[in-house]
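A.B. asks:
There are 2 protein chains.
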Amino acid sequence: MGYRAPVGDMRFALEACADLWSLKHQFADIDADLLEAILDGAGALAADTLAPINRAGDRSGVSLEGDVVVAARGFKQAYAAFAEAGWQGLAADPAYGGQGLPRAVALAVFETIHSANMSFGLLPMLTLGAIEAIERHGAPDQKEFYLAKLISGEWTGTMNLTEPQAGSDLGALVTKATPQADGSYAITGQKIFITWGEHDLAANIVHLVLARIDGAPMGSKGISMFIVPKFRDEDGSRNAVRCIGIEEKMGIHASPTCTMAYEGATGWLIGEENKGLAAMFTMMNAARLNVGLQGVAVAEAAYQKAFAYAQERKQGGALIIEHPDVRRMLTHMRAKIQAGRAICYATAVAADSGDKQREDLLTPIAKAWCTELGVEAASLGVQVHGGMGYVEEGGAAQFYRDARIAPIYEGTNGIQAIDLYGRKLLGDRGEAMRALIDDAREAGAALKKTHGARLVIAADALEEATQYMLSAAREDALAGAFEYLMLAGDIAGGLYLARGLAGAPRHAAMTKEIIAGQTALFAYYAEAVLARAPARVTAIQIGAAALPPI
Amino acid sequence: MGYRAPVGDMRFALEACADLWSLKHQFADIDADLLEAILDGAGALAADTLAPINRAGDRSGVSLEGDVVVAARGFKQAYAAFAEAGWQGLAADPAYGGQGLPRAVALAVFETIHSANMSFGLLPMLTLGAIEAIERHGAPDQKEFYLAKLISGEWTGTMNLTEPQAGSDLGALVTKATPQADGSYAITGQKIFITWGEHDLAANIVHLVLARIDGAPMGSKGISMFIVPKFRDEDGSRNAVRCIGIEEKMGIHASPTCTMAYEGATGWLIGEENKGLAAMFTMMNAARLNVGLQGVAVAEAAYQKAFAYAQERKQGGALIIEHPDVRRMLTHMRAKIQAGRAICYATAVAADSGDKQREDLLTPIAKAWCTELGVEAASLGVQVHGGMGYVEEGGAAQFYRDARIAPIYEGTNGIQAIDLYGRKLLGDRGEAMRALIDDAREAGAALKKTHGARLVIAADALEEATQYMLSAAREDALAGAFEYLMLAGDIAGGLYLARGLAGAPRHAAMTKEIIAGQTALFAYYAEAVLARAPARVTAIQIGAAALPPI
Numbered sequence: 001m002g003y004r005a006p007v008g009d010m011r012f013a014l015e016a017c018a019d020l021w022s023l024k025h026q027f028a029d030i031d032a033d034l035l036e037a038i039l040d041g042a043g044a045l046a047a048d049t050l051a052p053i054n055r056a057g058d059r060s061g062v063s064l065e066g067d068v069v070v071a072a073r074g075f076k077q078a079y080a081a082f083a084e085a086g087w088q089g090l091a092a093d094p095a096y097g098g099q100g101l102p103r104a105v106a107l108a109v110f111e112t113i114h115s116a117n118m119s120f121g122l123l124p125m126l127t128l129g130a131i132e133a134i135e136r137h138g139a140p141d142q143k144e145f146y147l148a149k150l151i152s153g154e155w156t157g158t159m160n161l162t163e164p165q166a167g168s169d170l171g172a173l174v175t176k177a178t179p180q181a182d183g184s185y186a187i188t189g190q191k192i193f194i195t196w197g198e199h200d201l202a203a204n205i206v207h208l209v210l211a212r213i214d215g216a217p218m219g220s221k222g223i224s225m226f227i228v229p230k231f232r233d234e235d236g237s238r239n240a241v242r243c244i245g246i247e248e249k250m251g252i253h254a255s256p257t258c259t260m261a262y263e264g265a266t267g268w269l270i271g272e273e274n275k276g277l278a279a280m281f282t283m284m285n286a287a288r289l290n291v292g293l294q295g296v297a298v299a300e301a302a303y304q305k306a307f308a309y310a311q312e313r314k315q316g317g318a319l320i321i322e323h324p325d326v327r328r329m330l331t332h333m334r335a336k337i338q339a340g341r342a343i344c345y346a347t348a349v350a351a352d353s354g355d356k357q358r359e360d361l362l363t364p365i366a367k368a369w370c371t372e373l374g375v376e377a378a379s380l381g382v383q384v385h386g387g388m389g390y391v392e393e394g395g396a397a398q399f400y401r402d403a404r405i406a407p408i409y410e411g412t413n414g415i416q417a418i419d420l421y422g423r424k425l426l427g428d429r430g431e432a433m434r435a436l437i438d439d440a441r442e443a444g445a446a447l448k449k450t451h452g453a454r455l456v457i458a459a460d461a462l463e464e465a466t467q468y469m470l471s472a473a474r475e476d477a478l479a480g481a482f483e484y485l486m487l488a489g490d491i492a493g494g495l496y497l498a499r500g501l502a503g504a505p506r507h508a509a510m511t512k513e514i515i516a517g518q519t520a521l522f523a524y525y526a527e528a529v530l531a532r533a534p535a536r537v538t539a540i541q542i543g544a545a546a547l548p549p550i
Numbered sequence: 001m002g003y004r005a006p007v008g009d010m011r012f013a014l015e016a017c018a019d020l021w022s023l024k025h026q027f028a029d030i031d032a033d034l035l036e037a038i039l040d041g042a043g044a045l046a047a048d049t050l051a052p053i054n055r056a057g058d059r060s061g062v063s064l065e066g067d068v069v070v071a072a073r074g075f076k077q078a079y080a081a082f083a084e085a086g087w088q089g090l091a092a093d094p095a096y097g098g099q100g101l102p103r104a105v106a107l108a109v110f111e112t113i114h115s116a117n118m119s120f121g122l123l124p125m126l127t128l129g130a131i132e133a134i135e136r137h138g139a140p141d142q143k144e145f146y147l148a149k150l151i152s153g154e155w156t157g158t159m160n161l162t163e164p165q166a167g168s169d170l171g172a173l174v175t176k177a178t179p180q181a182d183g184s185y186a187i188t189g190q191k192i193f194i195t196w197g198e199h200d201l202a203a204n205i206v207h208l209v210l211a212r213i214d215g216a217p218m219g220s221k222g223i224s225m226f227i228v229p230k231f232r233d234e235d236g237s238r239n240a241v242r243c244i245g246i247e248e249k250m251g252i253h254a255s256p257t258c259t260m261a262y263e264g265a266t267g268w269l270i271g272e273e274n275k276g277l278a279a280m281f282t283m284m285n286a287a288r289l290n291v292g293l294q295g296v297a298v299a300e301a302a303y304q305k306a307f308a309y310a311q312e313r314k315q316g317g318a319l320i321i322e323h324p325d326v327r328r329m330l331t332h333m334r335a336k337i338q339a340g341r342a343i344c345y346a347t348a349v350a351a352d353s354g355d356k357q358r359e360d361l362l363t364p365i366a367k368a369w370c371t372e373l374g375v376e377a378a379s380l381g382v383q384v385h386g387g388m389g390y391v392e393e394g395g396a397a398q399f400y401r402d403a404r405i406a407p408i409y410e411g412t413n414g415i416q417a418i419d420l421y422g423r424k425l426l427g428d429r430g431e432a433m434r435a436l437i438d439d440a441r442e443a444g445a446a447l448k449k450t451h452g453a454r455l456v457i458a459a460d461a462l463e464e465a466t467q468y469m470l471s472a473a474r475e476d477a478l479a480g481a482f483e484y485l486m487l488a489g490d491i492a493g494g495l496y497l498a499r500g501l502a503g504a505p506r507h508a509a510m511t512k513e514i515i516a517g518q519t520a521l522f523a524y525y526a527e528a529v530l531a532r533a534p535a536r537v538t539a540i541q542i543g544a545a546a547l548p549p550i
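Chains as they are written, first to last, in my numbering: chain A, 1 to 550; chain B, 1 to 550.
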């Protein structure tokens, strides 16, 4: 059996855990029927069109012929089907052809796409980033020119940040932008790790490129953002940007990772001069949530494959799912997946509702906690398969390889931990985190069962860790920042799962059977994940001196 | 910088943690000078001959041409160098050309081989298994005929257990053995997942094959073990066993994983009729320790590569090793590697000294805990590299792919957990485990520092968990068995690290600098690993009812 969208779990996470319908007054067009239709439609695309080409795309990868990237077989047709159905513009501005639905709903749609085919999903995910950047920072004529084409899926978008010498340190980038007489800029430099930087699936590619205008200050305060289309706006002529290499990666083989050479390419400033980094960060915040979601999605795909295998594979006269340890692995996967899904959807609902404090706090948690989950679940998925998991034919191995990129790109999880500590926690002296802790305590107390008490105790541990992080010297706090983020993710997951249980009876779609299943998942999560919280504070408090540069 | 044998860490683990010199009276030939010469020699082979062909072997893999497996480039010369230097027979019986050294020393040698080239290491590892099986179960003429050739490395060995329909359930195997007039058996059947089942590196391959003699009882009590040489003993003619397929795997690409077809092949019974499973288990016990060691070895290789990268890669004007979170990852890797190394070496010293109780207890722990470590450390190694970790060219990705097999083969880690619970814990009603717990408490108390106290408290948690495992219903115990094994591994690692610190001053080679470094590793291990022990008991006690077959 191939991938099927877990619509029951998705709706529970979206409606009960993340409280989607709290957005009702903002998004009058959507109701339960439309949501169901959207999830069913996206699930069908994922199951029938995207999942079937996932393994072949992994095997063949993409090829670079001259400066043309040829996509894996079936991807062109799949992308055409995706674009034609209007999936790209679900949450985009109706003024430019979007459907103006909540981002949370679009996120759920993208979950099914990433589960079915993570390589494919990266293409519309990057386009989404370009759409959001132009929506927020573009001049009216730029919106007019680009948005409709991107929202319809006719064109795709990329983000061009990294340079060979700079890695995550964007302040060190040297790509230059030289002003031209017509108001454009000539962009010259090299960018690496550009996802879907070149391909043959769409008529044009809109590159959003960070570069330094001649004479701009050094460091991060001299960076501007430019739109560099593959084909020039004026006459459709080929712009001086091309792919000069593709990476040989461990996974996501069907997603071309390009080295892009800009050789005096025509670019247009978007947003203000020297404010490019800030513009890119707004774009990256959305992308970070989407990458977190990829972690959930690849975990779900790994879970479904492992579950199906465990149900049909016999060992010693019994199905392997009858072995308690196999059930432990499967339950662990599904419980943490549901927690991660709830975190991601809740982040999107916070964004939709304008709860910027919660959105900002949850974004690095969603990115890092959920992508660690992706790796953990994909590894367990291999393990459930035994020897067949290690053989590529089995399919579980691909998830393990694909999942490993997500903790790295869009800011490594170490960078997410610095973000959570430096910008989010110190930024408001812990106010947003304390609100989350209070919510977790309340949600735990509302369950009035042993398992709810686990959440309350875990929230106490998070509070203790938070006080430490706020009072510790910077280096000491940074030494514990990753563990702190992971603890915060555990509690955030518990909070939204618990809220889901409390809120579920209000939703017509939540049958008793569904609620019983989710109750069991929360019980496992409480005993196997939340119960560990108190003892984890020690590792957070370890201090920089305990990490000698040995 | 390529791989270098971590001789300092290895000697600390071997001499101080595992108390190698307690074997002095049994193995009079070895002293500190010889040990140093052996480790230096093995380290040189690993660094200069095996590591340089590791990545090319990963890229090219092996090929099956007709029924001939052609090894990756350089492997033939490397194997010749390995055999010629006498590494295969380090711990083997001197009567047949072995050197009769402690197995613990041979284990340390194999660590460097696996670190440098895990695919290569599997070949002598499997041969070692064949040597041990024939040493223990072979008739005098079988020993005479096979052992010298295997010990010299002129021939290699394999283990043939798994069949397509049976997986880990050996009782279900159907390969049959039909008695022949000359006292031999005609072996007919198919075996899968046979590591180095066919290759062109040695003059002959000695297959140890499980099969069912015509008329033997069904199930596991009707299984016998046979020697089936690739070239027949009598006349050197080609035997009717051949490789009919090789697996396309996620990693260890240079190690051929063969499907072997036996078509009336000439085989000779080894050991008693219908006692093949017991014979195979004695062989597997040694193999399990060796697989655990592979986990340590691949973790060490991943650590060294990540450490070198962190020391040379700049980010934001600073080397990335200056980031506390990068140091956390590196320290985490090295501390757990040293714990795993100490566990493996201590298991071998227990075997050498005839302390069967400790050897049997530690074997499943060494296998499972250390192979989980291999995956964890290889994943962290990728993470330290950032984007370069995901690109195959960087080399970190290979360790992540290679490491993933070790939790699966030689009995999945779930099976190790069942072994620890069913055979080891129930087998003596917890006596061996209580001895380990007492040792841990004593070692912790002897350190008389905060960090020692962490070990004492962790040992208390293991005792609580042990009492639960002994009193729980079988299904409930099995539901917690994997987590229990992992907890036991944490405490075993702490015990041997602590013993190392206490014992180090007695050893001339342990300089103050070395001891200071090891003290820092133990401190990290205590705060980041052992401190979590108490809260993990809850997950062990979760019970089968919490793991519904959802």
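All C-beta atoms in this analysis are idealised placements derived from N, C-alpha and C, irrespective of residue type, glycine included.
1. Can you tell me whether residue 450 of chain A is buried or exposed? The criterion is at least 16 other CB atoms within 10 Å of its CB, across all chains shown.
2. Taking any Cβ of chain B, which residues in the stretch 399 to 431 of chain A have a Cβ under 9 Å from it, in chain order?
3. Mind listing which residues of the stretch 473 to 504 of chain B have their C-beta closer than 7 Å to chain A's C-betas, in chain order?
4. Just reading off the beta strand (DSSP E) that residue 27 of chain B is part of, what are its end residues?
5. Just the Cα atoms here: how many angstroms apart are residue 64 of chain B and residue 387 of chain A?
6. Please report the Cβ distance between residue 9 of chain A and residue 338 of chain A, rounded to the nearest whole angstrom; I am assuming they are in contact, meaning their Cβ atoms lie under 8 Å.
7. From the DSSP output, read off the bridge partner residues of residue 160 of chain A.
8. Give, in chain order, every unbroken run of the alpha helix (DSSP H) that is at least 4 residues long and sits entirely within the stretch 1 to 72 of chain B.
9. Taking Cβ positions only, does residue 606 of chain A come closer than 8 Å to chain B?
10. Quick check: is the beta carbon of residue 315 of chain B nearer than 8 Å to any beta carbon in chain A?
11. Can you find a CB in chain A that lies within less than 8 Å of the CB of residue 58 of chain B?
12. Beta carbons nearer than 7 Å to chain B: which residues of the stretch 374 to 389 of chain A have them?
13. Between which two residues does the beta strand (DSSP E) harbouring residue 426 of chain A extend?
14. Within 8 Å of any Cβ in chain B, is that where the Cβ of residue 256 of chain A sits?
15. Taking the alpha carbon of residue 273 of chain A as the point to measure from, which residue in A:288, A:31 and A:183 has its own alpha carbon closest?
16. Give the DSSP bridge partners of residue 238 of chain A, in chain order.
17. Residue 392 of chain A by DSSP, collapsed to three states: which one?
18. Please report the residue range of the beta strand (DSSP E) in which residue 190 of chain B lies.
19. Okay, do the stretch 406 to 419 of chain B and the stretch 472 to 490 of chain B touch, 3+ Cβ pairs below 8 Å being the bar?
20. Taking only runs of the alpha helix (DSSP H) that begin and end inside the stretch 446 to 484 of chain A, which ones reach a length of at least 4 residues, in chain order?
21. Using DSSP bridges, identify the partner residues of residue 267 of chain A.
22. Using a Cβ cut-off of 9 Å, pull out every chain A residue sitting near residue 395 of chain B, in sequence order please.
23. Using 10 angstroms around the beta-carbon of residue 471 of chain A, count the other beta-carbons present and answer buried if the total reaches 16, otherwise exposed.
24. Give me the Cα-Cα distance between residue 213 of chain A and residue 233 of chain A, rounded to the nearest whole angstrom.
25. Among B:237, B:181 and B:121, whose alpha-carbon lies nearest the alpha-carbon of residue 153 of chain B?
26. For residue 218 of chain A, count the other beta carbons within 10 Å of its own beta carbon; 16 or more makes it buried, fewer makes it exposed. Which is it?
27. Can you confirm whether residue 126 of chain A, when its beta carbon is compared against all beta carbons of chain B, has any partner nearer than 8 Å?
28. Going along the chain, which residues of the stretch 524 to 544 of chain A sit with their C-beta nearer than 7 Å to a C-beta in chain B?
29. For the alpha helix (DSSP H) containing residue 124 of chain A, name the first residue and the last one.
30. State the beta-bridge partners of residue 315 of chain A as determined by DSSP.
C.D. replies: From the atom records:
1. exposed
2. Taking a C-beta cut-off of 9 Å against chain B, the contacting residues of the stretch 399 to 431 of chain A are 400, 401, 404, 405, 407, 408, 409, 412, 413, 414, 415, 417 and 418, listed in chain order.
3. 475, 478, 479, 481 and 482
4. No beta strand (DSSP E) holds residue 27 of chain B; DSSP gives it neither H nor E.
5. 20 Å
6. 6 Å
7. A:209
8. 7 to 11, 32 to 45 and 54 to 60
9. This structure leaves residue 606 of chain A out entirely; chain A is present only between 1 and 550.
10. yes
11. no
12. From the stretch 374 to 389 of chain A, only 375, 379, 382, 383, 386, 387 and 389 have a Cβ closer than 7 Å to chain B.
13. Careful: residue 426 of chain A lies outside any beta strand (DSSP E) and carries neither H nor E.
14. no
15. A:183
16. A:231
17. helix
18. 185 to 195
19. yes
20. Runs found: 450 to 471.
21. A:185
22. What residue 395 of chain B touches in chain A: nothing, since even the nearest Cβ is about 11 Å away.
23. exposed
24. 21 Å
25. Checking every option, the nearest Cα to that of residue 153 of chain B belongs to B:121.
26. exposed
27. no
28. 524, 527, 528, 531, 532, 534, 535, 536, 538, 539, 542 and 544
29. Taken as a continuous stretch (DSSP letters only), the alpha helix (DSSP H) holding residue 124 of chain A covers 118 to 137.
30. According to DSSP, residue 315 of chain A shares a beta bridge with A:318.
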